[in-house]
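K.L.:
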Amino acid sequence: MTTLDIIKAYYAAFNRGDTDAMLDLLADDVEHHVNQAGIRRGKAAFAEFNTHMTRCYREELTDLVLFAEGDRAAAEFTVNGTYLATDEGLPEANGQTYRLPAGTFFALKDGHITRVTTYYNLTDWMAQVGA
Numbered sequence: 068m069t070t071l072d073i074i075k076a077y078y079a080a081f082n083r084g085d086t087d088a089m090l091d092l093l094a095d096d097v098e099h100h101v102n103q104a105g106i107r108r109g110k111a112a113f114a115e116f117n118t119h120m121t122r123c124y125r126e127e128l129t130d131l132v133l134f135a136e137g138d139r140a141a142a143e144f145t146v147n148g149t150y151l152a153t154d155e156g157l158p159e160a161n162g163q164t165y166r167l168p169a170g171t172f173f174a175l176k177d178g179h180i181t182r183v184t185t186y187y188n189l190t191d192w193m194a195q196v197g198a
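Going letter by letter, the sequence shown gives residues 68 to 198 in my numbering.
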């Protein structure tokens with residue numbers, strides 16, 4: 068698979084809610100950099116994050132635009148979400164919906180994703196959920 072094929076597969080799995088398929092695309096030592104947070108290292112940490120996210124949020128990504136060059140890729144998209152359960156340190160959830168522009172940068176090696184770096188505007192999200 069090409070870099071672009073791998074990233075397309077990653078987002079298709081995301082939109083299906085298929086964490087296992089996402090994990091299959093990651094290197095064992097993947098680094099997951101998340102906006103406003105630290106770095107999660109390894110597939111287990113990525114899986115734990117996805118479990119948490121699935122409990123607190125239901126999201127579908129639309130308007131996906133992908134760029135790939137060699138072993139690097141970038142994506143721009145719109146997050147269409149519902150805030151399902153209160154996430155620690157954030158406003159109380161009561162089913163609020165949100166629509167948020169976001170982007171992710173990727174690094175790959177030997178056909179696997181080694182770094183996922185996601186950015187979004189937390190202030191915008193907070194305003195949309197009523198903070």
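For glycine and all other residues, C-beta sits at the position ideal for the given N, C-alpha and C. Everything numeric in this text was worked out from a predicted model, so none of it was measured.
Leaving out five residues before and five after ASP191 in sequence, what residues of the same chain have Cβ atoms less than 7 angstroms from its Cβ?
P.N.:
Walking along the sequence shown from the start, residue 191 turns up at place 124. Around ASP191, the same chain offers LEU167 as residues with beta carbons nearer than 7 angstroms, after the five sequence neighbours per side are excluded.
K.L.:
Please report the residue range of the alpha helix (DSSP H) in which THR69 lies.
P.N.:
Translated into positions along the sequence shown, residue 69 becomes position 2. Counting along the chain, THR69 falls outside any alpha helix (DSSP H), and DSSP gives it neither H nor E.
K.L.:
Quick one: grab the DSSP three-state call for THR190.
P.N.:
Numbered from 1 along the sequence shown, position 123 holds the residue referred to as residue 190. In this structure, THR190 counts as helix in the three-state DSSP scheme.
K.L.:
Determine the contact status of LEU133 and ILE73, defining contact as a CB-CB distance below 8 angstroms.
P.N.:
Reading the sequence shown from its first residue, position 66 is the one you call residue 133. Reading the sequence shown from its first residue, position 6 is the one you call residue 73. Against a cut-off of 8 angstroms, the Cβ pair of ILE73 and LEU133 comes out as no contact.
K.L.:
For ALA88 versus ILE180, is the C-beta spacing smaller than 8 angstroms?
P.N.:
Position 21 of the sequence shown, counting from 1, holds the residue named residue 88. Position 113 of the sequence shown, counting from 1, holds the residue named residue 180. Result no, Cβ atoms of ALA88 and ILE180 do not sit closer than 8 angstroms.
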